[in-house]
Amino acid sequence: MTHLNECLPLLLLSPVLIAVAWTDMRELRIPNVLVMLIIAIFLATSPMLSFGEFGTRLIAAAVVFLGFFFAFALRLVGGGDTKMIPALILFIPSAGLTGFAMVFSASLMFSILVVLALQSQALSHYSNWSIARVKGHMPMGLAIMLSGLTFPVFWVFAA
């Protein structure tokens with residue numbers, strides 16, 4: 001399977017990933033229905049995968065879920081983030097997990113800058129979005145969206 005073909009199911013997620021970022025930035029929550037929609041898309045597109053690749057992706061998602069569940073228990077991340085990131089990991093080719101970690105890290109750093117700008121004194125008075133009014137929270141939905149949308153570009157050009 002070529003790198004582009006491996007990322008086609010991930011491209012189907014674009015509208016859902018945009019909704020994830022939108023709701024997380026606006027309301028500081030990721031609705032369960034979006035997580036379930038991503039899992040449904042994965043199940044619908046999983047027949048394109050080999051049995052070994054399917055199993056590897058499930059294991060990777062389980063490991064990521066356990067890590068984020070531990071972080072959630074320590075109140076470091078939210079519940080929506082804890083569910084959404086493993087759901088997104090299901091779409092990442094096993095050979096691209098390290099690359100995805102780099103893309104996600106860069107997306108997270110960029111997202112922090114965006115959130116800090118939105119939370120600045122000048123902008124927070126003019127916005128009804130939760131992220132502009134609530135200090136001390138980092139909506140990872142923006143980083144999730146950015147990494148999901150930019151990873152296919154990284155993966156295709158890394159080939």
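Residues 1 to 159 in UniProt numbering are what the sequence shown lists, from first letter to last. Each residue gets a CB set at the ideal place from its N, CA and C atoms; glycine is no exception. As the structure is a computational prediction, the values presented were derived from the model and not from experiment.
To the nearest angstrom, how far is it from the Cα of ALA61 to the Cα of LEU149? 18 Å
Where ILE30 and ILE38 are concerned, what is the direct C-alpha to C-alpha distance, given to the nearest angstrom? 12 Å
Tell me where the alpha helix (DSSP H) around GLY141 begins and ends. 141-157
Less than 8 Å between the CB atoms is what I'm expecting for PHE68 and VAL103, so what's the real figure, rounded? 17 Å between Cβ atoms; not a contact.
In terms of alpha-carbon separation, which member of VAL115, PHE157, ILE59 lies closest to GLY141? VAL115
Under the three-state reduction of DSSP, which class applies to HIS137: helix, strand or coil? coil
Please state the DSSP three-state secondary structure of PRO86. helix
Assuming the contact rule is C-beta atoms closer than 8 Å, ILE92 and PHE151 should be a hit. Round their C-beta distance to whole Å, please. 7 Å
So the candidates are ALA19, THR45, VAL16; which of them puts its Cα closest to the Cα of ASN5? THR45
Go through its chain and collect everything with a Cβ distance to THR23's Cβ below 8 Å, but skip five positions before and after it. ARG29, ILE30, PRO31, LEU34, GLY141
Could you tell me the distance, in whole angstroms, from the CA atom of LEU76 to the CA atom of VAL64? 15 Å
Using C-beta distances below 7 Å, list every residue in its chain close to MET145, excluding the 5 sequence neighbours before and after it, in chain order. LEU17, ILE18, VAL20, ALA21
Grab me the residues of residue 161's own chain with a C-beta within less than 6 Å of its C-beta, minus the 5 sequence neighbours each way, in chain order. The question about residue 161 has no answer here: the residues shown for the chain are numbered 1 through 159.
Can the beta-carbon of ILE41 be found closer than 8 Å to that of LEU13? yes
Beta strand (DSSP E) runs wholly inside the stretch 17-89, at least 3 long, in chain order: none
Taking the alpha helix (DSSP H) that ILE92 falls in, what are its first and last residues? Unbroken run through ILE92: none, as it is neither H nor E.
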